[in-house]
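Chains as they are written, first to last, in my numbering: chain A, 1079 to 1293; chain B, 1079 to 1293. We treat Cβ as the ideally placed atom computed from N, Cα and C, and that holds for glycine. To start, the structure under review is shown below, and the notes come after it.
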């Protein structure tokens, strides 16, 4: 049963934009299991730069997509993050194959990283709007939320998409990854732990009114 | 004449979302003038807290709106900011009157702060989508891009709206304010100078492809 009081009132409800209301469900609505380990590139920074350069020469700019998935816990929105090696946090997602669209890639990556495999068992992933885009101007640099001045050939473009969860679903995660729900209030201004992209997600979500749907 | 090459290609143009293309015009398309000084509350922090408490008791939560206005300079998007006393940067905007809508208020504030007055001379302001919402949990606190946990009665809600400029317009600014165009690359991660809201604007704009329209 929906609880209308759980919609945060913003003092201007008569003009609220319906598209900016996001239904979220309690963490307890979801089942979390694990399966065999998935490959994870455990490489040095210099090896990573060499690999990125070789891929750039072969395929051009690296296009990536990442998912912003929100659940409710303790009446506060939480972001789902993958953790590897007890330290690195990542949004679920990955790199586009040649010719693949953003949406196709994100669905494939969500199925391979959060479900039993790429066969897409379970409900289809509902990909929402693009929330933000980050650019890597050169191989050694971090990403920026704009194309830096005078950069004509960026090396990477990563797009963040909102992914809307259904009222129930199974998450099956490779056992060398942990799937965590981190409160937005812990991510904000915590770039040191989560990096610039993840720590900025609360801002990208701030326009939404979260409607907590109790099962 | 439009220059199609000025649209930043993102490698997925076949699926680009038309609503995420933002036309921006060179700074030189606009006329900037000044007029008599406007009132500016030059008060201590404790005076400000007292005033906010009195207003909260009388009117309830403070609702504010702010404008995100972008122009082009040196092929890079720049944000228009008001500067007071050579140090404080503000997005154009202000507080809603009782019963006023966000859009009405923002148009009124833009006319009073960036035009000759409230009579609305000059082209109408085109208010676009809400980009972000910030909350102040209590009088002494900063704002956050979410309603912090366990806060039932926030004291302020500030909404950021995209404002789309026409190809030409006059800006007439009170002479105790300066209207500045600051490059997005200078705002990003520069919270010390610009505060958390303004320094986060590049992220809120990152989903847009800027189409630089040359006159």
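Fill in: 6 Å CB neighbourhood of residue 1150 of chain B in its chain, flanking five on each side removed
1102, 1104, 1290
Practice prompt. Apply the 10 Å Cβ neighbour rule to residue 1086 of chain B and answer buried if 16 or more other Cβ atoms are within range, or exposed otherwise.
Written response: With a pLDDT of 42 at residue 1086 of chain B, under the threshold of 50, the modelled position of that residue is not reliable, and the figure given next carries that caveat. Buried, since its Cβ has 16 or more Cβ neighbours within 10 Å.
Worksheet item: According to the Cβ coordinates, are residue 1206 of chain A and residue 1233 of chain A closer than 8 Å?
Response: no
Fill in: Where residue 1142 of chain A meets chain C, residues with beta-carbon distance less than 9 Å
Reference to chain C is not applicable here, since the protein chains of this structure are A and B.
Practice prompt. Run the CB neighbour count on residue 1152 of chain B, radius 10 Å, all protein chains shown included, and call it buried at 16 or more, exposed below.
Written response: exposed
Discussion item. Report the start-end ranges of each beta strand (DSSP E) in the stretch 1125-1190 of chain A that is 3 residues or longer and not cut off at the edges.
Written reply: 1140-1151, 1154-1162, 1166-1168, 1171-1173
Worksheet item: Is the Cβ-Cβ distance between residue 1249 of chain A and residue 1100 of chain A less than 8 Å?
Response: no
Item to complete: For the beta strand (DSSP E) containing residue 1099 of chain A, list its first residue and its last residue.
Response: 1099-1102
Item to complete: Can you say whether residue 1185 of chain B is buried or exposed, counting buried as having 16 or more other CB atoms within 10 angstroms of its CB?
Response: buried
Item to complete: Give the interface partners of residue 1193 of chain A over in chain B, defined as CB-CB distance under 8 Å, in chain order.
Response: Per Cβ cutoff of 8 Å: no residues; residue 1193 of chain A is ~24 Å from chain B at best.
Practice prompt. Could you name the residues of the same chain whose beta carbon sits closer than 6 Å to that of residue 1208 of chain A, not counting the 5 residues immediately before and after it, in chain order?
Written response: 1237, 1239
Discussion item. Which residue marks the beginning of the alpha helix (DSSP H) containing residue 1273 of chain B, and which one marks its end?
Written reply: 1269-1277
Discussion item. I'd like to know whether the C-beta of residue 1242 of chain B is nearer than 8 Å to at least one C-beta of chain A.
Written reply: no
Item to complete: Please report the Cβ distance between residue 1144 of chain B and residue 1188 of chain B, rounded to the nearest whole angstrom; I am assuming they are in contact, meaning their Cβ atoms lie under 8 Å.
Response: With a Cβ gap of about 10 Å, residue 1144 of chain B and residue 1188 of chain B do not count as contacting.
Item to complete: Establish whether the CB of residue 1280 of chain A and some CB of chain B are separated by less than 8 Å.
Response: yes
Item to complete: Pick out whichever of B/1201, B/1154, B/1162 has its Cα sitting closest to the Cα of residue 1252 of chain B.
Response: B/1162
Item to complete: Just the C-alpha distance for residue 1118 of chain B and residue 1169 of chain A, rounded to the nearest angstrom, thanks.
Response: 44 Å
Discussion item. I'd like to know whether the C-beta of residue 1156 of chain A is nearer than 8 Å to at least one C-beta of chain B.
Written reply: no
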